[in-house]
Amino acid sequence: MDKRPVGVFDSGLGGLTVVKEIKRVLPGESIVYLGDTARVPYGTRSKKTVEEFSLQNINFLLRKKVKCVVVACNTASAQAYRKIRKKSSVTTFDVIVPAVKAATKNGQPKVIGVIGTRGTIKSGAYKRKIQKVGPNFKVFELTCPLFVPLIEEGELRGELIRLCVDKYLIPLRKKKIDTLILGCTHYPLIKTVIEKRIGPKVKIIDSGKEVTKELFAYLTKKQMLAPENNKPRDEYFVTDLTQRFIKVAEMFLGESLKRKIKEVSVN
Ligand code: DGL
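Under our numbering, the first residue of the sequence shown carries the number 2, and numbering increases by one thereafter.
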């Protein structure tokens, strides 16, 4: 049994979708969350910068004595994970490997679509990992740069997001994909719209859900789950705090966060 918190970081607040899932599956665990809101987005930045920011984030979480770290950000997972793992004295989880595992289950050749930020897609991390499992798997990767700002503005349903989903997903539909990986923290919030527009035959993989399964399996195997009677104490940190950030954070997490979020500096 291990009462130490689970550390989670993201470029901003989207990683709270992953926290929400961790809290659903592992309600006894305490969470320390860091959202780098002062420097979001990571999706448009260079690999070098994403690495530098990610290492600062991991150092902050290690100072908080976490028992392991979930890199909720797909862009950081795609561009900085090797550096993060080297630097970290505790076990770290990226969001890409678990999603790839889920997408390639059964080993049957598939046609897989991956959507994410420019940084994630440019890195080719998903495609590389999928084709390592099965060289016959067809992979179509696509950046969807308008999704993050629209979701942050609360456009989760309605005409605007539907148009945007169609703009990006029609080309993928034409490729006859049978699996679609949501390779960004924000996309689970528009999963229903995506499901409707891409059609019922396409299996949708949510990387946050998949990494939570890995985390659960790891903590169970290592006997590191929090004790059953543990009263979780969650802490939320951001590198820049505004009223709007609090509203967006509540939308992602689905619970009130007033007075719970603190501003910190990580560099
Ligand atoms: N958290 C990022 C991701 O999952 C999306 C936002 C950003 O570009 O920083 O890729």
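Just so you know, even glycine gets a beta-carbon here, dropped at the ideal spot from N, CA and C.
Give the straight-line distance between the Cα atoms of residue i and residue j, rounded to the nearest whole angstrom.
i	j	result
Phe-217	Thr-193	25 Å
Cys-165	Lys-175	16 Å
Lys-123	Gly-13	20 Å
Glu-160	Asp-167	11 Å
Tyr-169	Asn-230	46 Å
Phe-1	Pro-136	The first residue shown for the chain is 2 and the last is 268, placing residue 1 beyond what the model contains.
Val-98	Glu-215	10 Å
Asn-107	Gly-255	34 Å
Leu-62	Val-41	18 Å
Arg-83	Leu-173	30 Å
Lys-259	Gly-125	38 Å
Leu-92	Leu-27	Note that residue 92 is Thr in the sequence shown here, rather than Leu. One C-alpha to the other measures close to 17 Å.
What I want to know is whether the C-beta of residue i ends up closer than 6 Å to one or more non-hydrogen atoms of the ligand DGL.
i	result
Ser-12	yes
Asn-75	yes
Pro-201	no
Val-149	yes
Pro-42	yes
Gly-15	yes
Cys-165	no
Cys-185	yes
Thr-118	yes
Determine the DSSP secondary structure at residue i, reduced to helix, strand or coil.
i	result
Phe-246	helix
Tyr-169	helix
Thr-213	helix
Val-19	helix
Val-267	coil
Phe-141	strand
Thr-180	strand
Val-51	helix
Glu-229	coil
Lys-88	helix
Val-67	coil
Tyr-188	helix
Lys-130	helix
Gly-13	coil
Leu-151	helix
Glu-236	strand
For residue i, I'd like the list of residues in its chain whose CB is within less than 7 Å of its CB, leaving aside the five on either flank, ordered along the chain.
i	result
Phe-138	Thr-105, Pro-110, Lys-111, Ile-113, Ile-131, Gln-132
Glu-142	Val-115, Ile-122, Tyr-127, Lys-128
Ile-152	His-187, Leu-190, Ile-191
Ser-266	Thr-240
Asn-58	Phe-10, Leu-35, Asp-37, Val-267
Leu-157	Leu-190, Ile-191
Lys-232	none
Asp-95	Val-72, Ser-78, Tyr-82
Got a sec? Which residues, its chain only, sit under 8 Å from residue i by beta carbon, not counting five neighbours each side?
i	result
Met-225	Met-2, Asp-3, Lys-68, Cys-69, Tyr-219
Arg-163	Val-194, Arg-198
Leu-179	As written in the sequence, residue 179 is Asp, which differs from the Leu given in the question. Once the five neighbours on either side are set aside, the close Cβ partners of Asp-179 are Lys-111, Val-112, Ile-113, Lys-202, Val-203, Lys-204.
Gly-120	Tyr-43, Gly-44, Thr-45, Arg-46, Lys-48, Val-51, Thr-76, Ala-79, Gln-80
Lys-177	Val-112
Leu-242	Thr-38, Ile-262, Lys-263, Glu-264
Give every residue of the same chain whose Cβ lies closer than 6 Å to the Cβ of residue i, excluding the five residues on either side of it in the sequence, and list them in chain order.
i	result
Gly-117	Asn-75, Gly-184, Cys-185
Glu-22	Gly-209, Lys-210, Thr-213
Ala-73	Val-9, Asp-11, Gly-16, Val-19, Thr-186
Leu-147	Cys-165
Ala-227	Lys-4, Gly-29, Glu-30
Ala-100	Ile-182, Ile-206, Ser-208, Glu-211
Ser-55	Ala-77, Ala-81, Ile-85
**Prompt:** Between the stretch 249-257 and the stretch 121-135, do at least 3 Cβ pairs fall closer than 8 Å?
**Reply:** no
**Message:** Between the stretch 32-46 and the stretch 230-244, can you find at least three pairs of beta-carbon atoms closer than 8 Å?
**Reply:** yes
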